[in-house]
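Visitor: This is the structure I want to talk about, given as structure tokens.
Chains as they are written, first to last, in my numbering: chain A, 1 to 279; chain B, 280 to 581.
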């Protein structure tokens with residue numbers, strides 16, 4: 001009796017979990033069910049109809065006619081990858097300084113850093129836009145890469161991680177005559193690769209998916225990032241861009257990251273990311 | 280006499296030279312902060328007392344922008360909508376993330392790694408892309424949501440185009456996309472809970488619910504507080520979801536504060552007034568943040 005009850009409870013738990021996985025997956029499935037449908041006879045939303053309608057790659061060609069697809073794709077890659085590499089470097093550098101050096105003003109400076117985290121960037125979007133215009137960075141990827149080359153959250157996280165790194169190793173390197181920057185590059189960086197990987201993943205996702213700032217700073221269609229360009233698909237053809245074409249665009253914009261994530265899940269990338277928020 | 284107490288000259292020189300490095304290492308952040316955060320923030324504050332369309336000279340209007348914002352129907356509607364979004368996020372995302380986080384740590388659940396991989400996918404999908412997908416799903420005529428309702432015998436509903444319903448798709452999108460992140464955080468916290476506590480509780484005959492309430496939740500309290508604050512600040516800044524799904528409409532029925540700020544600045548070019556809206560939002564977030572720091576301090580004192 002007791003055993004049966006437990007079995008029923010386990011079954012319920014598993015069904016419940018399956019339900020939530022289905023909810024997570026459901027909207028994404030529709031992208032693929034729609035993206036390959038011929039646009040001619042309207043969109044089908046019943047599975048047998050979809051299968052009966054056949055399969056076409058035309059929607060993908062259509063996307064590349066409506067927007068400068070590869071240019072936008074390349075822009076997104078540059079903004080995400082260069083931005084992530086820069087932010088990893090500067091955040092780790094500053095995190096190292098806060099974790100392993102004692103210097104006057106360290107604690108107030110760190111408190112200031114913490115405080116900047118709660119100020120929403122959106123508040124000063126107007127002056128920020130004017131600053132970018134003065135710098136000549138409108139329509140330039142610099143406007144997205146440079147301001148976030150060192151972020152408060154990133155530094156905070158790196159400091160937490162680096163403070164657990166044994167100080168003796170650093171001291172030893174210093175006695176051996178290593179220069180400060182050399183210590184950072186050759187001793188600290190190799191020692192914190194898990195932190196770099198997890199923060200890198202989070203940063204890459206955020207940058208690839210970024211929407212508001214790229215929309216404001218990059219106005220020329222040739223200069224836009226993929227996410228912004230795709231979001232304008234529904235109106236780029238009047239009001240009549242068919243859903244299959246929009247979904248084809250979404251597939252192009254989301255699949256690289258989704259695929260990378262699923263492949264990297266072998267290395268428990270999700271757990272790494274979750275670990276980054278500890279402390 | 281004093282000289283006797285001073286450290287020998289050579290190490291001192293070495294020390295002073297060394298002292299410059301930490302400053303050098305943290306300098307990039309503070310430089311960027313000055314140029315791209317502090318300076319725009321101060322300018323924004325000044326601008327909130329001016330009228331400016333971005334081209335013609337600015338005119339000082341004193342407190343007029345603030346007077347206007349207090350009686351601006353559109354602003355208050357966007358504020359109310361934002362609070363609705365915030366409430367929906369808090370009510371659904373936090374309990375869901377505890378529930379799913381716990382299930383991902385429960386041995387009785389099969390294929391946990393697969394479930395975890397699948398359930399994180401919404402977080403990897405961009406809000407903008409998800410917004411477009413959801414606008415298809417919630418489309419009144421061809422959307423699958425109405426299709427499913429139809430199968431249940433319920434008439435098609437104008438999800439995105441009616442004043443009463445337009446907030447619901449925005450909320451669902453926000454919950455769908457943001458739950459995974461908090462689920463991960465909570466899961467990682469639950470994994471860190473002392474297993475001995477649970478074993479002892481099982482020996483004492485505590486059931487799963489009792490263990491959840493008495494052991495797990497208190498042990499992960501600080502993570503829950505972190506999530507609560509993070510989610511509050513993030514939800515207050517909601518923009519992309521209504522922007523893509525409904526454009527804030529119909530009317531202003533799904534408009535968020537940041538979205539109102541955006542249209543005021545970049546569609547109608549009232550840059551001064553947009554800054555005022557921004558500062559009203561900051562004020563609200565400042566109050567929340569102060570509450571956050573106070574409760575954090577109280578936690579660390581315990």
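We put the CB at the ideal spot given by N, CA and C, even for glycine.
1) What residues from chain E crowd round residue 389 of chain B, counting only those whose CB sits closer than 7 Å?
2) Output needed for residue 499 of chain B: all residues of its chain with C-beta closer than 7 Å, excluding positions within five of it in sequence on either side, in chain order.
3) Report the residue from A:146, A:20, A:228, A:17 whose alpha carbon sits nearest the alpha carbon of residue 405 of chain B.
4) Between which two residues does the alpha helix (DSSP H) holding residue 481 of chain B run?
5) Please determine, among A:29, A:95, A:164, the residue with the shortest C-alpha to C-alpha distance to residue 302 of chain B.
6) Using 9 Å as the threshold, is the C-beta distance between residue 139 of chain A and residue 220 of chain A below it?
7) Tell me, to the nearest whole angstrom, how far the beta carbon of residue 118 of chain A is from that of residue 568 of chain B; I am working on the premise that it is less than 8 Å.
8) Do you know offhand how far residue 204 of chain A's Cα is from residue 130 of chain A's?
9) Any idea what DSSP makes of residue 350 of chain B, helix, strand or coil?
10) Using a Cβ cut-off of 9 Å, pull out every chain A residue sitting near residue 557 of chain B, in sequence order please.
11) So residue 427 of chain B is in the alpha helix (DSSP H); what residue range does that whole segment cover?
12) Flag this pair as yes or no: are the beta carbons of residue 83 of chain A and residue 207 of chain A separated by less than 9 Å?
13) Around the Cβ of residue 290 of chain B, are there at least 16 other Cβ atoms within 10 angstroms (buried) or fewer (exposed)?
14) Reducing DSSP to helix, strand and coil, say where residue 339 of chain B ends up.
15) Taking a contact to mean a Cβ-Cβ separation below 9 Å, would you say residue 308 of chain B touches residue 90 of chain A in this structure?
16) Specify the secondary structure class of residue 330 of chain B as computed by DSSP and reduced to three states.
17) Kindly confirm or deny that the region 417 to 435 of chain B and the region 496 to 515 of chain B touch, where touching means at least three C-beta pairs closer than 8 Å.
18) Using the C-alpha atoms, what's the distance from residue 555 of chain B back to residue 563 of chain B?
19) If we count Cβ pairs, one from each stretch, closer than 8 Å, do we get three or more for the region 105 to 120 of chain A versus the region 172 to 183 of chain A?
20) Which residues mark the beginning and the end of the alpha helix (DSSP H) in which residue 74 of chain A is found?
21) By how many angstroms is the C-alpha of residue 62 of chain A removed from the C-alpha of residue 446 of chain B?
22) Could you tell me if residue 389 of chain B is buried or exposed, where buried requires 16 or more neighbouring beta carbons within 10 angstroms of its beta carbon?
23) Pick from A:176, A:209, A:127: whose alpha carbon is nearest that of residue 548 of chain B?
24) Take residue 360 of chain B and list the residues in its own chain whose beta-carbon comes closer than 7 Å to its own, dropping the five residues that flank it on each side.
25) Can you give the Cα-Cα distance for residue 164 of chain A and residue 522 of chain B, rounded to whole angstroms?
26) Check distances from the C-beta atoms of the region 513 to 546 of chain B to those of chain A and list, in chain order, the residues that come in under 7 Å.
27) If you draw a straight line from the alpha carbon of residue 38 of chain A to that of residue 56 of chain A, how long is it in whole angstroms?
28) Out of curiosity, what's the CA-to-CA distance linking residue 411 of chain B and residue 476 of chain B?
29) Check the Cβ-Cβ distances between residue 570 of chain B and every residue of chain A, and say whether any is below 9 Å.
30) Can you pull the chain A residues whose beta carbon is under 7 Å from the beta carbon of residue 326 of chain B, in chain order?
31) Can you tell which of B:493, B:326, B:358 has the C-alpha that lies nearest to the C-alpha of residue 343 of chain B?
32) If you draw a straight line from the alpha carbon of residue 251 of chain A to that of residue 30 of chain A, how long is it in whole angstroms?
33) Contact between the region 386 to 403 of chain B and the region 476 to 490 of chain B is defined here as three or more beta-carbon pairs at a separation below 8 Å; is this criterion met?
34) Look at residue 16 of chain A and residue 35 of chain A and say whether their C-beta atoms are less than 9 Å apart.
35) To the nearest whole angstrom, what separates the beta carbons of residue 449 of chain B and residue 524 of chain B, a pair I think is in contact under 8 Å?
36) Once you ignore the five residues that flank residue 196 of chain A on each side, which residues in its own chain have a CB closer than 8 Å to its CB?
Guide: Put simply:
1) The structure shown contains no chain E; the protein chains it does contain are A and B.
2) What you label residue 499 of chain B is simply residue 220 of the second chain in a count that begins at 1. 465, 468, 469, 472.
3) As a position in the second chain, residue 405 of chain B is number 126, starting the count at 1. Selected option, being the one with the closest Cα: A:228.
4) For this step, residue 481 of chain B is matched to residue 202 along the second chain. From DSSP, the alpha helix (DSSP H) with residue 481 of chain B extends over 474 to 482.
5) In the second chain, residue 302 of chain B corresponds to position 23, counting from 1. Looking at the Cα atoms, A:95 is the closest of the given residues.
6) Against the first chain, residue 139 of chain A aligns to sequence position 139. Against the first chain, residue 220 of chain A aligns to sequence position 220. Taking 9 Å as the Cβ cut-off, residue 139 of chain A and residue 220 of chain A qualify as a contacting pair.
7) Numbered from 1 along the first chain, position 118 holds the residue referred to as residue 118 of chain A. Numbered from 1 along the second chain, position 289 holds the residue referred to as residue 568 of chain B. Their Cβ separation, rounded to whole angstroms, is 4 Å, which keeps residue 118 of chain A and residue 568 of chain B in contact under 8 Å.
8) Here residue 204 of chain A refers to the residue found at position 204 when the first chain is read from its first residue. Here residue 130 of chain A refers to the residue found at position 130 when the first chain is read from its first residue. CA-CA distance, residue 204 of chain A to residue 130 of chain A, rounds to 27 Å.
9) Position 71 of the second chain, counting from 1, holds the residue named residue 350 of chain B. Helix, per DSSP.
10) Working through the second chain from its first residue, we reach residue 557 of chain B at position 278. Correct list: 120, 122, 123, 124, 125, 126.
11) By 1-based counting over the second chain, the position of residue 427 of chain B is 148. Element bounds for residue 427 of chain B: 423 to 430.
12) Locating residue 83 of chain A in the first chain gives position 83, where the first residue counts as 1. Locating residue 207 of chain A in the first chain gives position 207, where the first residue counts as 1. Yes, Cβ-Cβ distance for residue 83 of chain A and residue 207 of chain A is below 9 Å.
13) Mapped onto the second chain, residue 290 of chain B falls at position 11. For residue 290 of chain B, the pLDDT reaches just 49, beneath the cut-off of 50, and the residue's location in the model is therefore unreliable, leaving the point undetermined.
14) Along the second chain, one-based indexing puts residue 339 of chain B at 60. Residue 339 of chain B falls in the strand class under three-state DSSP.
15) For the purposes of this step, residue 308 of chain B is identified with residue 29 of the second chain, where counting begins at 1. For the purposes of this step, residue 90 of chain A is identified with residue 90 of the first chain, where counting begins at 1. Yes, these two residues count as a Cβ contact at 9 Å.
16) For the purposes of this step, residue 330 of chain B is identified with residue 51 of the second chain, where counting begins at 1. Under the three-state reduction of DSSP, residue 330 of chain B is assigned to strand.
17) no
18) Here the question's residue 563 of chain B lines up with position 284 in the second chain. Here the question's residue 555 of chain B lines up with position 276 in the second chain. Roughly 13 Å separates the two Cα atoms.
19) no
20) To locate residue 74 of chain A, count along the first chain from 1; it is residue 74. From DSSP, the alpha helix (DSSP H) with residue 74 of chain A extends over 69 to 100.
21) As a first step, residue 446 of chain B must be located in the second chain, where it is residue number 167. As a first step, residue 62 of chain A must be located in the first chain, where it is residue number 62. In a straight line, the C-alpha of residue 446 of chain B is about 32 Å away from that of residue 62 of chain A.
22) Here the question's residue 389 of chain B lines up with position 110 in the second chain. The residue is exposed, with fewer than 16 neighbouring Cβ atoms inside 10 Å.
23) Here residue 548 of chain B refers to the residue found at position 269 of the second chain. Here the closest residue by C-alpha is A:127.
24) As a first step, residue 360 of chain B must be located in the second chain, where it is residue number 81. Cβ within range, chain order: 446, 533, 534, 535.
25) Here residue 164 of chain A is taken as the residue at index 164 of the first chain, counted from 1. Here residue 522 of chain B is taken as the residue at index 243 of the second chain, counted from 1. Going by the C-alpha atoms only, they are around 43 Å apart.
26) Residues of the region 513 to 546 of chain B with a Cβ closer than 7 Å to any Cβ of chain A, in chain order: 516, 518, 519, 523, 537, 540, 544, 545.
27) Working through the first chain from its first residue, we reach residue 38 of chain A at position 38. Working through the first chain from its first residue, we reach residue 56 of chain A at position 56. Roughly 6 Å separates the two Cα atoms.
28) Translated into the one-based positions of the second chain, residue 411 of chain B becomes position 132. Translated into the one-based positions of the second chain, residue 476 of chain B becomes position 197. Computed Cα separation, rounded: 46 Å.
29) In the second chain, counting from the first residue as 1, residue 570 of chain B sits at position 291. By this cut-off, residue 570 of chain B is not an interface position.
30) Position 47 of the second chain, counted from the first residue, corresponds to residue 326 of chain B. By Cβ distance, chain A contributes 126, 127.
31) As a first step, residue 343 of chain B must be located in the second chain, where it is residue number 64. The option with the nearest alpha carbon to residue 343 of chain B is B:326.
32) Mapped onto the first chain, residue 251 of chain A falls at position 251. Mapped onto the first chain, residue 30 of chain A falls at position 30. Distance between the alpha carbons of residue 251 of chain A and residue 30 of chain A is about 10 Å.
33) no
34) Counting from 1 along the first chain, the entry for residue 16 of chain A is found at position 16. Counting from 1 along the first chain, the entry for residue 35 of chain A is found at position 35. No; because the gap between Cβ atoms is not below 9 Å, this pair is not in contact.
35) By 1-based counting over the second chain, the position of residue 449 of chain B is 170. By 1-based counting over the second chain, the position of residue 524 of chain B is 245. Right, their Cβ atoms sit about 6 Å apart.
36) To locate residue 196 of chain A, count along the first chain from 1; it is residue 196. Closer than 8 Å at the Cβ level, and outside the excluded window around residue 196 of chain A, lie 88, 92, 189.
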